[in-house]
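In what follows, a single structure is set out as structure tokens and then discussed.
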Amino acid sequence: MKIAKMKKFFLLLVFAMALAACKQHTATIDQVRYQNIKLDSTLKLSAAPKIEAQIKPYRDSLQAQMSQRLCVASEDLFTGRPESLLGNFVSDLVLAEGKALCQKKYPDIHPVVTYMNRGGLRAPIPKGEVTVKSIFELMPFENEVVLLKLKGSDLRRLMNHMASRGGEGVAGMRFGIRKDKAIKCMVDGKPLDNDNLYWMVTSDYLADGGDGSKSLSKNLQRVNTGVKLRDMIIAHMRKLGEDGKMATSKLDGRIYHAK
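Taking my numbering, the leading residue of the sequence shown gets 448, the next gets one more, and so forth.
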């Protein structure tokens, strides 16, 4: 009988201990301290040798790739409005490369225009040597090249959108800006026809309606090429360098302020 009582007592004791172990304890903040640390060249930090040894091969390889020389820019290429040296250069490049791509992979598609938003060009191309790093700074996004079939009426809406913003990067088209509207709209050297169909080379971001380009999302056909826009620019500029040519641009009045 005593043994049975002892067993019962022992089981109750174990059960009580288990409940105590399961009890949640709420931590409280006892003290708060802070210190401002200036993060600049005066801060002396030494990398852990083992971590540095692991990172170094990848860093060296990346630096070697980024420092590859592509070509030489004849002058500073900056963005601006209503047109700009940089916007014209990149747009002309993308249209030329887009046409070449279609000849190889999409022979039934004949692009005639390009639209590149000013905000997508994040850094100028300085005069002098252009490296792979320069293009990553210019185009840090993973945007892809997209081909769009558009109605002339939707292309006109896009031109009006660009006019309301004071101009953007374009190729293959020309128009004036009057009271935030596009006038005298031309495509491939001919007046824009609302009933005609036109193929455009642009980025997937803009094709999805980004930066207010909603008219592009109404396209009649879309081809996702799988080609990175940045890779296209790098390949084109590398070819310029191999051919002994310079990266040049000019303002030609493709977008202008009309009286």
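Cβ atoms here follow ideal geometry from the backbone N, Cα and C, with glycine treated the same way.
Within-8 Å CB hit, residue i to chain B
i	result
I476	Considering every chain present, this structure includes no chain B. It has just one protein chain.
Element boundaries [alpha helix (DSSP H), containing residue i]
i	result
G545	532-552
D505	Reading the sequence as shown, one finds Tyr at residue 505 and not Asp. 496-513 is the span of the alpha helix (DSSP H), which, as asked, contains Y505.
S650	Here S650 belongs to no alpha helix (DSSP H); instead the beta strand (DSSP E) covers 644-650.
V592	V592 -> not in any alpha helix (DSSP H); beta strand (DSSP E) instead, spanning 591-598.
V579	579-585
R685	676-689
According to DSSP, residues forming a beta bridge with residue i
i	result
F622	I702
G575	A520
K637	V634
C-alpha gap between residue i and residue j, whole angstroms
i	j	result
M513	N641	45 Å
N564	E615	6 Å
Q510	V617	33 Å
R480	L486	19 Å
A520	P573	7 Å
K598	D690	38 Å
N590	T475	48 Å
R603	I502	51 Å
R569	K626	28 Å
T649	A500	42 Å
A694	Q482	50 Å
Same chain, Cβ closer than 7 Å to residue i, neighbours up to 5 away in sequence not counted
i	result
D635	V559, G619
Own chain, CB closer than 8 Å to residue i, minus 5 neighbours either side, in chain order
i	result
K449	For K449, the predicted structure reports a pLDDT of 48, less than 50, and the residue's modelled location is therefore unreliable. The matter cannot be settled from this model.
V674	L548, E591, V592
V579	Q512, M513, S514, Q515, L517, I681
Endpoints, beta strand (DSSP E) assigned at residue i
i	result
L517	516-520
I630	628-634
T561	560-563
Beta-carbon proximity list for residue i, same chain, < 6 Å, skipping 5 on both sides
i	result
L667	K596
N535	S696
*asked:* Does the structure place the segment 496-504 close enough to the segment 535-547 that three or more beta carbon pairs sit under 8 Å?
replied: no
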